[in-house]
Each structure stands twice: as C-alpha cells, then as structure tokens.
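Following: one structure in structure tokens, then a few remarks.
Residue numbers (the working numbering): 190 to 517.
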C-alpha cells in the first residue's frame, strides 16, 4: 500500500510519516523545493517535489504516480498577510484536487487535516462539548480558510472519498506554540488570559498520527471527526502538570485581562508585518485564546474507527519536556 503525505515537512508531518512507515506503507512525502526535511530523515521515505502555485506544473509533477491513500496535511496556521490563509489553505487544496482528478489519481481515501477552529466558538455558558453537527461559525481567518476548504471537498462528486479530521491543539516534541507556555512555566510564571473559566483540550502528536491511519483503514468516507483527548483541562490543571514535570515548585499564575491580550496581539501583529514575519501573537490568536470552551465530543471517532488516545496529557508533557530539555 502506498500513501502520499502532502505537507510532510512540518512538525506534524514528520510524525505522520513515521507512523506510516511503522505500519508498513510505502511512504511518499510531498514537499516544496524550500521545505525543510529536518524531521524526514528515514532512508525508507520517498519524496516528490510539488509546486502548488502552478496548477499545470503540479499536474505534471503528479503524473505517473498512484497512491492508495493521500493525507493532505498542507496548511498555514499563521501568516504575515491574512490573504495567504486563503491561498495556502484553500487555493492550494483546490489546485491539488483538480490535478489528481484530471490525472485520474483519486485514491481509495483522502484525509484532509482541518482544525477545530473551523467550527468556531462553542457554548461558553454551560460548556457543552463541541460537536460536528452544528452550523460552523469560525471567528478567525485561519478557521474561515479551513471551513472553505472543507466546503470545497463536500461539493465534489460523491466519488471523491474525502474524510475530514478536526484536531484540537496538537502538542509534542518540536512544536513551538505550546513550547512557549512550557518555557514560561520553566521560568516560574504562568500567563493566562481572561477571568472566566476556560476549558482546554489537547491531542498528543503521535495519537493524532495514529488516528489518521486508523481512519484511513477503518472509517467510512464523507465523514468529519473531531480528534482530541476525551477530557478537558483548566489552565490550573495544565500548569500543575507542566510544573511537576519541570520540577518547579513555585510557579506564579498571572491573569491578564482580555483587553491587555488584545493590545499585545495588535502590537505583535504590526511588528510582524513591518518585519515581514508571521508572529505567534496576532488577531487570530487573540480570538483563539479568548475562547473559553474547547471541550470536545469525540464519540463519532470512537464509534467509527475505535479512536482511543493512548497518551495522557501527563505522559505527553513528560515526552515534550524531555525533548525541550534535550534541545535547550
């Protein structure tokens, strides 16, 4: 069995490739010319260079190949220019789907890696877990680009075998955003925002990689699945888990009002635009951090392909901190 991982070069892509090899797949990595191969060092991996900006070139690059499964992991989570979200997260997908359709390369199953942000804010009064059956109302440009990409797949002919995964926050070794939180706690400070209760959810990167292939092998097509640990955590619970792993007995929790976060995100965004660099703190990140309820209902994934995360947050933080100390 052959699998193509589109967007294999990033933090998550390396773990997807590793999982594919562990299951015996002939594993192909779709990368751009400029893509780092830092996490793609196994000699068993095969590579194909793809130019998503040029539909005709992309079609020619893909010709002559056949893959049983395709995992479309390409995407941007932060951009200097917000129009790039639409270009990278939507237009590139459209170009790729058109190319494999024209080339008659449609696989048995096609996994699209979306995001929980495609759903938008949930119930922040009773904290009802997010589900797939509501009307999406994303409040970030990132989320809008993801729901637009999902809609593209849903409007394709019924013969196109898509499956959409909507993971919550993905963490693990080499991930950068959660690493900022870990570094802060390592320095004895835990910064939180807002004064109302916030419920956070996580998925360890190896559990996500396993979920991808379990879905490819067992899930029915034309379904969407939320991927998360089955429980949510408060900021205090997260802080205690990280502090215990770091051996930090004294960690000072600092709560910032949302207006302070808003100003910080705006300043950071303007600075990033001036430097032509994508920044972690931006308008999208403000809406994400301000959201109070990230609780998830994963019953559909449990029912359809036996989804059951193996790595608890405590164990996952241990593995992440271990890698952080090694790279420190």
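The beta-carbon is built from N, C-alpha and C at its ideal position, and this holds for glycine as well.
**Report entry** Three-state secondary structure (DSSP) of residue 370
**Finding:** Reading the chain shown from its first residue, position 181 is the one you call residue 370. Helix, per DSSP.
Report task. Mind reading off the beta-carbon distance from residue 259 to residue 195? Whole number of angstroms is fine, and I expect it under 8 Å. Result -> Taking the first residue of the chain shown as 1, we reach residue 259 at position 70. Taking the first residue of the chain shown as 1, we reach residue 195 at position 6. Between residue 195 and residue 259 the Cβ distance is about 7 Å, and since that is below 8 Å, they are a contact.
Query - DSSP three-state assignment for residue 193, whether helix, strand or coil - result: Taking the chain shown and counting its residues from 1, one reaches residue 193 at position 4. Of the three classes helix, strand and coil, the one that applies to residue 193 here is strand, per DSSP.
Query raised in the report: At what residues does the beta strand (DSSP E) containing residue 444 begin and finish?
Result: As a working note, residue 444 is residue 255 in the chain shown. From DSSP, the beta strand (DSSP E) with residue 444 extends over 441-445.
**Report entry** Element boundaries [alpha helix (DSSP H), containing residue 274]
**Finding:** Along the chain shown, read from residue 1 onward, the residue named residue 274 stands at position 85. First-last of the alpha helix (DSSP H) with residue 274: 272-275.
Query - residue 431, enclosing alpha helix (DSSP H) - first and last residue - result: Your numbering for residue 431 matches position 242 in the chain shown. First-last of the alpha helix (DSSP H) with residue 431: 424-435.
Report task. Using a threshold of 9 Å, state whether the C-beta atoms of residue 494 and residue 414 are closer than that. Result -> In the chain shown, counting from the first residue as 1, residue 494 sits at position 305. In the chain shown, counting from the first residue as 1, residue 414 sits at position 225. Contact: yes.
Query raised in the report: Closer than 8 Å: is that where the CB of residue 346 sits relative to any heavy atom of the ligand NAP?
Result: Within the structure as shown, the ligand NAP is missing, as the structure has no ligands at all.
Query raised in the report: How far does the alpha helix (DSSP H) with residue 248 in it reach, from first residue to last?
Result: One-based indexing of the chain shown puts residue 248 at position 59. Taken as a continuous stretch (DSSP letters only), the alpha helix (DSSP H) holding residue 248 covers 244-251.
Requested in this report: May I ask you to verify whether the region 430-442 touches the region 223-238, counting CB pairs closer than 8 Å and requiring at least 3?
Outcome: The answer is no - the region 223-238 does not touch the region 430-442, with fewer than three Cβ pairs under 8 Å.
**Report entry** Expected contact under 8 Å - CB spacing of residue 382 and residue 479 to nearest Å
**Finding:** Position 193 of the chain shown, counting from 1, holds the residue named residue 382. Position 290 of the chain shown, counting from 1, holds the residue named residue 479. Sure, about 7 Å apart at Cβ, within 8 Å.
Requested in this report: Quick one: measure Cβ to Cβ for residue 469 and residue 312, integer angstroms, because I've assumed they're closer than 8 Å.
Outcome: Residue mapping note: residue 469 aligns to position 280 of the chain shown, counting from 1. Residue mapping note: residue 312 aligns to position 123 of the chain shown, counting from 1. Not confirmed; about 27 Å, so no contact.
Query raised in the report: Can you tell me whether DSSP reads residue 322 as helix, strand or coil?
Result: Along the chain shown, one-based indexing puts residue 322 at 133. When secondary structure is reduced to three states using DSSP, residue 322 falls in the coil class, being assigned neither helix nor strand.
Requested in this report: Specify the secondary structure class of residue 215 as computed by DSSP and reduced to three states.
Outcome: As a working note, residue 215 is residue 26 in the chain shown. Looking at residue 215 - three-state DSSP - the assignment turns out to be strand.
Query - C-alpha gap between residue 203 and residue 344, whole angstroms - result: Start at 1 with the first residue of the chain shown, and residue 203 comes out as number 14. Start at 1 with the first residue of the chain shown, and residue 344 comes out as number 155. Looking at the two C-alpha atoms, the distance is approximately 30 Å.
Query - Exposed unless 16 or more other CB atoms sit within 10 angstroms - verdict on residue 566 - result: Here the chain has residues from 190 to 517 only, and residue 566 is not among them.
**Report entry** Reference residue 294, options 271, 325, 255, 303, closest by Cα
**Finding:** Locating residue 294 in the chain shown gives position 105, where the first residue counts as 1. Checking every option, the nearest Cα to that of residue 294 belongs to 255.
**Report entry** Boundaries of the beta strand (DSSP E) in which residue 509 is found, first to last residue
**Finding:** Taking the first residue of the chain shown as position 1, residue 509 is located at position 320. Counting along the chain, residue 509 falls outside any beta strand (DSSP E), though it belongs to the alpha helix (DSSP H) covering 502-516.
Query raised in the report: Pairing CB atoms from the region 320-339 with CB atoms from the region 263-279, are three or more of them under 8 Å?
Result: Result yes; three or more Cβ-Cβ pairs closer than 8 Å.
Requested in this report: Tell me whether residue 397 is buried or exposed, calling it buried when 16 or more other Cβ atoms sit within 10 Å of its Cβ.
Outcome: Translated into positions along the chain shown, residue 397 becomes position 208. Under this definition residue 397 is a buried residue.
Report task. State the DSSP-derived secondary structure class of residue 352, mapped to helix, strand or coil. Result -> On the chain shown, residue 352 is found 163 positions in, with the first residue counted as 1. Here residue 352 sits in strand by DSSP.
Query raised in the report: Between the region 472-490 and the region 447-454, are three or more C-beta pairs nearer than 8 Å?
Result: Yes, the region 472-490 is in contact with the region 447-454.
Query raised in the report: Just the Cα atoms here: how many angstroms apart are residue 307 and residue 328?
Result: For the purposes of this step, residue 307 is taken as residue 118 along the chain shown, with counting starting at 1. For the purposes of this step, residue 328 is taken as residue 139 along the chain shown, with counting starting at 1. Rounded to whole angstroms, residue 307 to residue 328 spans 9 Å at the Cα level.
Query raised in the report: In this structure, does DSSP put residue 264 in helix, strand or coil?
Result: On the chain shown, residue 264 is found 75 positions in, with the first residue counted as 1. Residue 264 sits in coil when the DSSP states are folded into three classes, being neither helix nor strand.
Query raised in the report: residue 460: buried (16+ other C-beta within 10 angstroms of its C-beta) or exposed?
Result: The residue given as residue 460 occupies position 271 in the chain shown. For residue 460, the number of other beta carbons within 10 angstroms of its own is below 16, and it is reported as exposed.
**Report entry** Residues of its chain near residue 519, where Cβ-Cβ distance is below 8 Å and the 5 sequence neighbours each way are ignored
**Finding:** What is shown of the chain runs 190 to 517, which leaves residue 519 out entirely.
Report task. Compute the beta-carbon to beta-carbon distance between residue 309 and residue 325, rounded to the nearest angstrom, for a pair I have assumed lies under 8 Å. Result -> To locate residue 309, count along the chain shown from 1; it is residue 120. To locate residue 325, count along the chain shown from 1; it is residue 136. That belief holds up - the Cβ atoms of residue 309 and residue 325 are roughly 6 Å apart, short of 8 Å.
Query - Alpha carbon of residue 377 to alpha carbon of residue 331, nearest angstrom - result: Counted from its first residue, the chain shown places residue 377 at position 188. Counted from its first residue, the chain shown places residue 331 at position 142. Straight-line measurement puts the Cα of residue 331 at about 32 Å from the Cα of residue 377.
Query raised in the report: According to the neighbour-count rule (16 or more other Cβ atoms, all chains shown, within 10 Å of its Cβ), is residue 392 buried or exposed?
Result: Within the chain shown, the letter at position 203 stands for residue 392. Buried.
Report task. Please name the residue in 357, 369, 213 whose C-alpha comes closest to that of residue 509. Result -> In the chain shown, counting from the first residue as 1, residue 509 sits at position 320. Of the listed residues, the one whose Cα sits closest to residue 509 is 369.
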